[in-house]
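Residue numbers (the UniProt record's numbering), protein chains in the order written: chain Y, 1 to 470; chain E, 1 to 470.
No residue lacks a Cβ here, since even glycine has one placed at the ideal position from N, Cα and C.
There are 2 protein chains.
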Amino acid sequence: MYNRMDILSDKDFDLLHENTLRVFEQVGVAFHSEKALDIFKRHDIKVENGVVYLGAKDVEKALATTPSSYKIHARNPQHDVVMGGDNLVIAPGYGAPFVVKKGVQHRAVLEDYRNFCKLVQTSNHIDYNGMLMGDPSDIPADRGHLHMMLANLVNCDKPFIGSSVSERAALDSIEMAGIAFGGKENIQDKPVTMGIISSLSPLAYSSEMAEALIVYAEYGQVNMVALLSQGGSTAPVTLPGLLVTQNAEILAGIVLTQLVNPGSPVIYGSTSTVTDMKTGSLAIGAPEQWLIQNATQQMGQRYGLPTRGSGGITDAHCLDMQAGIESALSLGTTVMSGANFLLHGCGILGAYIAMSFEKFLADEEICGMLRRNLKGLGVTEERIDFATIKEVGPGGEYLTHPATFKHCRTEFYLPEIMRRNDYSTWSVKGKKEIFDIAEKKVEERLEQWREPEMDGDIRARLEKYVEQAF
Amino acid sequence: MYNRMDILSDKDFDLLHENTLRVFEQVGVAFHSEKALDIFKRHDIKVENGVVYLGAKDVEKALATTPSSYKIHARNPQHDVVMGGDNLVIAPGYGAPFVVKKGVQHRAVLEDYRNFCKLVQTSNHIDYNGMLMGDPSDIPADRGHLHMMLANLVNCDKPFIGSSVSERAALDSIEMAGIAFGGKENIQDKPVTMGIISSLSPLAYSSEMAEALIVYAEYGQVNMVALLSQGGSTAPVTLPGLLVTQNAEILAGIVLTQLVNPGSPVIYGSTSTVTDMKTGSLAIGAPEQWLIQNATQQMGQRYGLPTRGSGGITDAHCLDMQAGIESALSLGTTVMSGANFLLHGCGILGAYIAMSFEKFLADEEICGMLRRNLKGLGVTEERIDFATIKEVGPGGEYLTHPATFKHCRTEFYLPEIMRRNDYSTWSVKGKKEIFDIAEKKVEERLEQWREPEMDGDIRARLEKYVEQAF
Numbered sequence: 001m002y003n004r005m006d007i008l009s010d011k012d013f014d015l016l017h018e019n020t021l022r023v024f025e026q027v028g029v030a031f032h033s034e035k036a037l038d039i040f041k042r043h044d045i046k047v048e049n050g051v052v053y054l055g056a057k058d059v060e061k062a063l064a065t066t067p068s069s070y071k072i073h074a075r076n077p078q079h080d081v082v083m084g085g086d087n088l089v090i091a092p093g094y095g096a097p098f099v100v101k102k103g104v105q106h107r108a109v110l111e112d113y114r115n116f117c118k119l120v121q122t123s124n125h126i127d128y129n130g131m132l133m134g135d136p137s138d139i140p141a142d143r144g145h146l147h148m149m150l151a152n153l154v155n156c157d158k159p160f161i162g163s164s165v166s167e168r169a170a171l172d173s174i175e176m177a178g179i180a181f182g183g184k185e186n187i188q189d190k191p192v193t194m195g196i197i198s199s200l201s202p203l204a205y206s207s208e209m210a211e212a213l214i215v216y217a218e219y220g221q222v223n224m225v226a227l228l229s230q231g232g233s234t235a236p237v238t239l240p241g242l243l244v245t246q247n248a249e250i251l252a253g254i255v256l257t258q259l260v261n262p263g264s265p266v267i268y269g270s271t272s273t274v275t276d277m278k279t280g281s282l283a284i285g286a287p288e289q290w291l292i293q294n295a296t297q298q299m300g301q302r303y304g305l306p307t308r309g310s311g312g313i314t315d316a317h318c319l320d321m322q323a324g325i326e327s328a329l330s331l332g333t334t335v336m337s338g339a340n341f342l343l344h345g346c347g348i349l350g351a352y353i354a355m356s357f358e359k360f361l362a363d364e365e366i367c368g369m370l371r372r373n374l375k376g377l378g379v380t381e382e383r384i385d386f387a388t389i390k391e392v393g394p395g396g397e398y399l400t401h402p403a404t405f406k407h408c409r410t411e412f413y414l415p416e417i418m419r420r421n422d423y424s425t426w427s428v429k430g431k432k433e434i435f436d437i438a439e440k441k442v443e444e445r446l447e448q449w450r451e452p453e454m455d456g457d458i459r460a461r462l463e464k465y466v467e468q469a470f
Numbered sequence: 001m002y003n004r005m006d007i008l009s010d011k012d013f014d015l016l017h018e019n020t021l022r023v024f025e026q027v028g029v030a031f032h033s034e035k036a037l038d039i040f041k042r043h044d045i046k047v048e049n050g051v052v053y054l055g056a057k058d059v060e061k062a063l064a065t066t067p068s069s070y071k072i073h074a075r076n077p078q079h080d081v082v083m084g085g086d087n088l089v090i091a092p093g094y095g096a097p098f099v100v101k102k103g104v105q106h107r108a109v110l111e112d113y114r115n116f117c118k119l120v121q122t123s124n125h126i127d128y129n130g131m132l133m134g135d136p137s138d139i140p141a142d143r144g145h146l147h148m149m150l151a152n153l154v155n156c157d158k159p160f161i162g163s164s165v166s167e168r169a170a171l172d173s174i175e176m177a178g179i180a181f182g183g184k185e186n187i188q189d190k191p192v193t194m195g196i197i198s199s200l201s202p203l204a205y206s207s208e209m210a211e212a213l214i215v216y217a218e219y220g221q222v223n224m225v226a227l228l229s230q231g232g233s234t235a236p237v238t239l240p241g242l243l244v245t246q247n248a249e250i251l252a253g254i255v256l257t258q259l260v261n262p263g264s265p266v267i268y269g270s271t272s273t274v275t276d277m278k279t280g281s282l283a284i285g286a287p288e289q290w291l292i293q294n295a296t297q298q299m300g301q302r303y304g305l306p307t308r309g310s311g312g313i314t315d316a317h318c319l320d321m322q323a324g325i326e327s328a329l330s331l332g333t334t335v336m337s338g339a340n341f342l343l344h345g346c347g348i349l350g351a352y353i354a355m356s357f358e359k360f361l362a363d364e365e366i367c368g369m370l371r372r373n374l375k376g377l378g379v380t381e382e383r384i385d386f387a388t389i390k391e392v393g394p395g396g397e398y399l400t401h402p403a404t405f406k407h408c409r410t411e412f413y414l415p416e417i418m419r420r421n422d423y424s425t426w427s428v429k430g431k432k433e434i435f436d437i438a439e440k441k442v443e444e445r446l447e448q449w450r451e452p453e454m455d456g457d458i459r460a461r462l463e464k465y466v467e468q469a470f
């Protein structure tokens, strides 16, 4: 039967892969970093005028050493995660300059960032702490990452994303992660953190990104090589064309990681989408984004790599039905296409311009519901329980049957903020929308947060590092 | 690679099917209709105390004559649809007693019903007109179907659902459909309409439903045999158990259709879900509902039958983010699982208690986006367009490239009510939510509606039929 999710045949993949190799050979990928160019040159890869021309052999060689799955260690080992296989790891929104509430934006500040860390720490559905969960405007730009790393380490003991805004920021992240794990030598080739590496579409890498990538690779930390290219502006207008340029950009970055440190862990991914042709702006709620997600996850899987998708993302600026539709179908498509890692899992509004605390919780609920469904049906004789069906018979009822009591707490997902009241109960309770429920829940979650344990000496050294960094 | 949508293995299916046969043999399905029981008896099927005990052979025999696909004819042949295969036919919400707007409910009236017909007629995404799009409270209960059938035929020339509230109502629907098509003989075994047949879970059929089913089958019209059973109250609490009782109920109905008229068209489906264990109420936004949808579509496909799923359904009472999440993931899961027919595609709020005009349009948008994605990627050399990638090169831009102009109107879905403005444009324009945009659009759609052509004589005869019916 035609499987509507199976949108990439082997033939499709081969065509996309072959054309990627043609791009490598005839068009190339520009790296605006001498350091990166030198690495390619040292490995006898053709470089001309700052453009790198990979060969098929270079790609094969890289894919032979990239691990298909690996563990990422948390300060608290109970929160270790496995990247790859059939695992699903969810991280929050990343990179928004604003925080928005009921349609009113304010520039994000460090206190917002700390609060997002606390939400991650208290979350049943998010397993990976972020970076840039709001970009703190009350910290000088070149020091932001230090405070965010400190906040990550102090407020949350789940694994976390490091900074990749520059080589310096990446090194600071590694240093601070090193302090937290009792010494930098303890984390060499033992993944504890991740750099989010975006190419500069089309077909280029900025010096900052390339050099951050090199740092993470050197230390054997995870390079999540992804991008946001826009069909019709920074990528071809046709989706197959976009998948080719996207693939070239990602693979070029991955090749570089393996040249720096063969076997260093990577993730293959994207949050590419299309341009809204009416306004010329980014359209992250577009249905094409879900299609691209599906294809991207399948391509990464074919390369034997852990894959990254996007999460609860939307062009809406408030928690209305549009926000729900777009976030749910983005998250849902990505998860059902096999994604291993979701960035922007929770909290994004307005095409990445803002984080929202209330949306964070609503997106978490989507994640919880999808995770429940990933457990599947569990079809066994025992769970079919024919004996009960026979006992209840035609016209009977199951509500008061012992079997129902036995299973009712475990069989069904128990929502945290979705409401299921009938109309009159809902009316009597004030006709609340999910925003209202979420708003209250955010407060409760921040109340219930407790600072995770940290060695006093480590804490002091981290704070000193932040203070003294340039 | 583990495919997260493939939740029903062959082994799972066999186990569910075998247990369905055990239910038929040892538990049976009750039919509260002498007429139906007689039909089973006449075919040497065991009937005892109003309970029917089917054999494996009865099921096989029925599945040998059910068509796997067929056309349903519209008054306007341009709106004919094909049921089955890889087709997708979407119909509106069905059965709600109220209409709701901005959280305020009023009992549905005939004028609401007519307006829903007009929305269907002017829709780019809905191909099938309903019945009970709101249940008109200003018409005596036993005459409602007559007025709805008249409204269907006059306001819309797409195919439509008939009434199945009783044998009488089904016969009236057939009579009126017959008038519209120039005579009842013209529609004998030529599908023009459909009865929505729900079993009485668990494991029973009311006399009304069974006898409506018999009427539709006799005339070779479509029987959409589905149900709404509730895990933990009218079905087992465990999902595999629910899938068994559900399967038994659906197949029993389908067997009856084939005994009445072998080869008469059917659809296999469900909108079953779970009970909210906190409140005891129906939870149609539950994630288990999407899982059940997926399994149901797959089971119907394995039986070689066209399948029915649910559409944009939610427990929310207004167009907030919960409504978007639940509607999108229900619609999305059902469509991606291969459903051929969606009932409740558009308009439902509050666990089926109300229809909403604004939600109708928002759900339509989801349908439009999903349909766009069903077209797939179209991976060809031509659409990869390597020449343009080479021309633009690293660091170039596609926005002003001729290829972009060429494709920009056809490649991307153009949303009807989703907004993609940046924050300041959105603010300046009044911070509208999708409800506001939809509200305005509803008015526009009703304005632009034009009554489809109908022979004056046919119109007169239909009106006379309504007037004179008992």
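To which residues of the same chain is residue i closer than 8 angstroms at the C-beta, ignoring the five residues directly before and after it?
i: Q188(Y); result: Y219, G220
Could you please give the first and the last residue of the uninterrupted alpha helix (DSSP H) stretch that includes residue i?
i: R42(Y); result: 34–42
i: T122(E); result: No alpha helix (DSSP H) contains T122(E), which DSSP labels as neither H nor E.
i: L377(Y); result: Looking at the DSSP string, L377(Y) is not in any alpha helix (DSSP H), and its letter there is neither H nor E.
i: Y423(E); result: 423–428
i: T193(Y); result: It is not in any alpha helix (DSSP H) - T193(Y) instead sits in the beta strand (DSSP E) that spans 193–198.
i: F13(E); result: 10–26
i: K190(Y); result: Premise fails: K190(Y) is in no alpha helix (DSSP H) and is neither H nor E.
i: residue 474(Y); result: Because chain Y in this structure spans residues 1 to 470, residue 474(Y) falls outside the shown range and cannot be described.
Which residue marks the beginning of the beta strand (DSSP E) containing residue i, and which one marks its end?
i: Q105(Y); result: 104–107
i: M277(E); result: That residue, M277(E), is in no beta strand (DSSP E); it is neither H nor E in DSSP.
i: F307(E); result: Inspection of the sequence shows that residue 307(E) is occupied by Thr rather than by Phe. Looking at the DSSP string, the run of the beta strand (DSSP E) that includes T307(E) is 307–310.
If I measure Cβ to Cβ from residue i and keep anything under 7 angstroms in the same chain, skipping five residues before and after, which residues do I get?
i: I139(E); result: L110, H147
i: G182(E); result: none
Taking DSSP as the reference, what is the three-state secondary structure of residue i?
i: T5(Y); result: Before going on, a small fix: residue 5(Y) reads as Met here, not Thr. If DSSP states are grouped into helix, strand and coil, M5(Y) belongs with coil.
i: Y398(E); result: coil
i: A169(Y); result: helix
i: E48(E); result: strand
i: G232(Y); result: coil
i: D320(E); result: strand
i: F31(Y); result: strand
i: S69(E); result: strand
i: M418(E); result: coil
i: G84(E); result: strand
i: T238(Y); result: coil
i: Y465(E); result: helix
In chain order, what residues of the same chain have a beta carbon less than 6 angstroms from the beta carbon of residue i, not counting five sequence neighbours either side?
i: A351(E); result: L282, I284, D315
i: A204(Y); result: A30
i: V335(E); result: L370
i: residue 504(E); result: No answer is possible for residue 504(E): it lies beyond the span of chain E, which begins at 1 and ends at 470.
Below 7 angstroms on C-beta distance, what does residue i contact in chain C?
i: H317(Y); result: This model lacks chain C altogether; the protein chains it does include are Y and E.
Spell out a yes or no on whether the region 373–384 of chain E and the region 14–24 of chain Y are touching, meaning 3 or more CB-CB pairs, one atom from each, closer than 8 angstroms. yes
Is the region 158–170 of chain E touching the region 449–463 of chain Y, taking contact as three or more C-beta pairs under 8 angstroms? no
Could you check whether the region 343–350 of chain E touches the region 358–370 of chain E, counting it as contact only if at least three pairs of C-beta atoms, one from each stretch, sit closer than 8 angstroms? yes
Do the region 83–96 of chain E and the region 332–345 of chain E meet, that is, are 3 or more Cβ pairs less than 8 angstroms apart? yes
Between the region 410–423 of chain Y and chain E, which residues of the former have CB atoms less than 9 angstroms from a CB of the latter, in chain order? E411, F412, Y413, L414, P415, I417, M418, R419, R420, N421, D422, Y423
At a cut of 8 angstroms, does the region 327–334 of chain E reach the region 256–264 of chain E through at least three beta carbon pairs? no
When you compare the region 131–138 of chain E with the region 46–56 of chain E, are there three or more beta-carbon pairs, one atom per stretch, that lie closer than 8 angstroms? no
With contact counted as at least three CB pairs below 8 angstroms, one residue from each stretch, are the region 299–312 of chain Y and the region 306–313 of chain E in contact? no
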